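The numbering of the sequence shown is UniProt numbering, which starts it at 1 and goes up by one. I have placed the structure first, in the form of structure tokens, so that the comments after it can refer back to it.
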Amino acid sequence: MNEKNGSGEFYLDHLSDCPDSNLESDNIDESDSSDIIIQKQRSVLPLRYSDSEDEEISIIEDDLNNNEDDDEIWSRNDEVRILKPFEGSPGIKITLASPENVMDSVNLFIGDDFFEHLVMESNRYHYQVMERYQIPSKAKKWTDITVPEMKKFLGLIVLMGQIKKNVLYDYWSTDRTIETPFFAQVMSRNRFVQIMQSWHFANNDNIPHNAHGLAKVQPVIDHLRRKFNVVYKPSQQLSLDECIIPWRGRLSIRTYNPGKITKYGILVRMVCEAVTGYICNFHIYAADGNKLEDTVLTVLEPYKNLWHEIYQDNYYNSVKMAQILLENKMRVCGTIRKNRGLPQSLKTLRLTRGQYEFRRNREILLEVWNNGRRNVNMISTIHSAQLMKSTNRSRRSTAPIQKPNSIINYNTYMKGVDRADQYLAYYSIFRKTKKWTKRVGMFFINCALFNSFKLYTVIHGKNITYKNFLHKVAIWWTADSEANSTEHDDS
């Protein structure tokens, strides 16, 4: 559900968000207050609307409402669907030298070229800052970051996601009750803080003043989006939904959702493989004035003309959207709101538990089924009007519940983004930071690690937990360069 008023934009859906974590600040002063300050009585600045989407939705609804009384085009006649075959070629598209090696999967997304870019821009940013601002004495003792150092830095951040401590300094504490000596053995605390403060993704001198809000993280976004699309091609069923990168600071692209645990943050729309949760593509809301229709087509661009099946919720679905996707050889299934093109005969239905009605207009099927509490409205260009036995059982009898096949498949395949979101919340590598760019960078590095894990389990077929996978990655990155060149992964 999406609501909008004069003070902000609301994104309400049933899936879980990326977690709020106890995150550490770049600032080395322990007494410094958090960059995320929660005050119950503070005023909230108005937030920009996203992508002109609510305006676009109102236009869609007006157009559909003008035609919704024309019941003549909607028929109760249905037939078994014979769909055109899927034309995609799913699977991994790059040959791995050693499929059993965890790092071979990781290097597909986060290889030496990625680390070299981080090193180059972080060193450049340090010297740019030195020229513009007065640098504290500790920061003047600077040596350029190297690729092995950057790997150790990220390796420690991954470990921090598994070893939770409230204060950054505690990882380097010598107190025997809380000490973790491994961190000091890998990198000094001051050097870690130096790298965190200088961590950067783009050359500020090349960013124009009128650049869009994501310019400072665009190189990372472009690199990982390209890798996600090139390395692996998904199977036919995809799910489209959104998650939130937590952020409470002032930011033009921040959104607000009062119904979520993570109320403030950066909206990311994700296309995931429905079965595995592999993150295939994504789109970040950037307050750039795009319409919702264009945003959906942009994030689905790599999957046009292949007859993919897209599962999405009622924020995205309408009769018009289904027609547009069909024109691009994509099929859709999901919930739909009454004012998105349902004929009047379906809008006014009063059904009791288990009752079912449908209407069809050529390729588009509209269904209404009562689950005992309310009517559930569905749209599909995939299914026939057919009730199937569900694995769920009625509380009133032992008989299986009869549901539309579209609802059964929707419940199965809509979980792709939810799966990815759940893994991203486990052992999250988020660190508290005063720079939103670093939060976004950590989020997408987290996504790349998740995709690496999915590829490793799919290709190798080895039963390994996500925690153990991340632990192997952290150990490899934090090892010295000589060890990395000779050590063989024992996974």
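Where a beta carbon is used, it is the ideal one built from N, C-alpha and C, also for glycine. Everything numeric in this text was worked out from a predicted model, so none of it was measured.
Residue j beta carbon less than 8 Å from that of residue i
i	j	result
Asn361	Asn328	no
Glu309	Cys333	yes
Arg331	Trp307	yes
Ser345	Ser380	no
Met150	Phe182	no
Gln162	Lys467	yes
Val102	Lys472	yes
His212	Asp288	yes
Pro404	Met442	no
Ala448	Val158	no
Leu240	Tyr316	yes
residue 502	Ile245	Within the shown structure, residues of the chain are numbered from 1 to 491, placing residue 502 beyond reach of any answer.
Val217	Leu238	no
Pro99	Ile459	yes
Val299	Asn281	yes
Leu342	Asn370	no
His383	Pro219	no
Leu349	Ala286	no
Gly277	Tyr456	no
Ala322	Ile364	yes
Thr437	Val376	no
Whole-number beta carbon distance between residue j and residue i, since they are thought to touch under 8 Å
i	j	result
Phe109	Leu297	At roughly 25 Å, the Cβ-Cβ gap does not stay under 8 Å, so Phe109 and Leu297 are not in contact.
Ser105	Ser452	4 Å
Phe450	Ile324	Their Cβ separation, rounded to whole angstroms, is 30 Å, which puts Phe450 and Ile324 out of contact at 8 Å.
Tyr171	Met160	7 Å
Ile221	Ile261	Contact doesn't hold; Cβ gap of about 25 Å is too wide.
Ile145	Val119	5 Å
Ser235	Glu179	At roughly 47 Å, the Cβ-Cβ gap does not stay under 8 Å, so Ser235 and Glu179 are not in contact.
residue 499	Trp247	Absent from the structure is residue 499, since the part of the chain shown begins at 1 and ends at 491.
Leu156	Phe192	7 Å
Residue i classed as buried or exposed, judged by whether at least 16 other C-beta atoms fall within 10 angstroms
i	result
Thr478	buried
Val230	exposed
Val167	exposed
Ile445	buried
Tyr80	Going by the sequence as given, residue 80 is Val instead of Tyr. Exposed.
Glu131	exposed
Tyr427	buried
Ile127	Position check: residue 127 holds Tyr in this sequence, whereas Ile was assumed. With fewer than 16 Cβ atoms within 10 Å of its Cβ, Tyr127 is classed as exposed.
Leu83	exposed
Tyr169	exposed
Pro208	exposed
Glu87	exposed
Ala97	exposed
residue 494	Look at the range of the chain in this structure, 1 to 491, and you will see that residue 494 is not part of it.
Ser33	At Ser33, the pLDDT of 33 sits below 50, so the modelled position is not reliable; the number obtained from the coordinates is stated separately. When all chains shown are included, Ser33 counts as exposed.
Lys152	buried
Gly91	exposed
Ser252	exposed
Glu30	Caution applies to Glu30, whose pLDDT of 37 falls short of 50 and renders its modelled position unreliable; the value that the coordinates give is listed next. With fewer than 16 Cβ atoms within 10 Å of its Cβ, Glu30 is classed as exposed.
Ser318	buried
Gln39	With a pLDDT of only 35 at Gln39, under the threshold of 50, the placement of this residue in the model should not be trusted; the figure read from the coordinates follows. Exposed.
Asn77	exposed
Met196	buried
Ile94	exposed
Asn206	exposed
Thr433	buried
Phe259	In the sequence on display, residue 259 carries Gly and not Phe. That one is exposed.
Glu72	exposed
Ser122	buried
Within-8 Å CB hit, residue i to chain D
i	result
Gly416	Judged by its chain identifiers, the structure shown contains no chain D, having just a single protein chain.
Quiz item: Taking one C-beta from the stretch 228-242 and one from the stretch 171-184 each time, how about it: are there three or more such pairs within less than 8 Å?
Solution: no
### Query
Is the number of C-beta pairs between the stretch 257-265 and the stretch 396-414 that are closer than 8 Å three or more?
no
Q. Is the stretch 375-390 touching the stretch 348-365 in the sense that three or more CB pairs, one from each, lie closer than 8 Å?
A. Result yes; three or more Cβ-Cβ pairs closer than 8 Å.
ask   = Fully enclosed by the stretch 390-439, which alpha helix (DSSP H) runs are 4 residues long or longer?
value = 405-413 and 416-425
For the structure I just gave you, are there three or more beta carbon pairs, one from the stretch 417-429 and one from the stretch 197-208, closer than 8 Å? The stretch 417-429 is not in contact with the stretch 197-208.
Minimum length 3: unbroken beta strand (DSSP E) runs contained in the stretch 319-384: 330-335, 356-361, 364-370 and 375-380
Note down, one range per segment and in chain order, each alpha helix (DSSP H) of at least 4 residues found wholly within the stretch 175-258. You should have 181-186, 189-198 and 218-231.
**Study point:** Unbroken stretches of the alpha helix (DSSP H), 4 residues or longer, contained in the stretch 252-302
**Key:** 292-299
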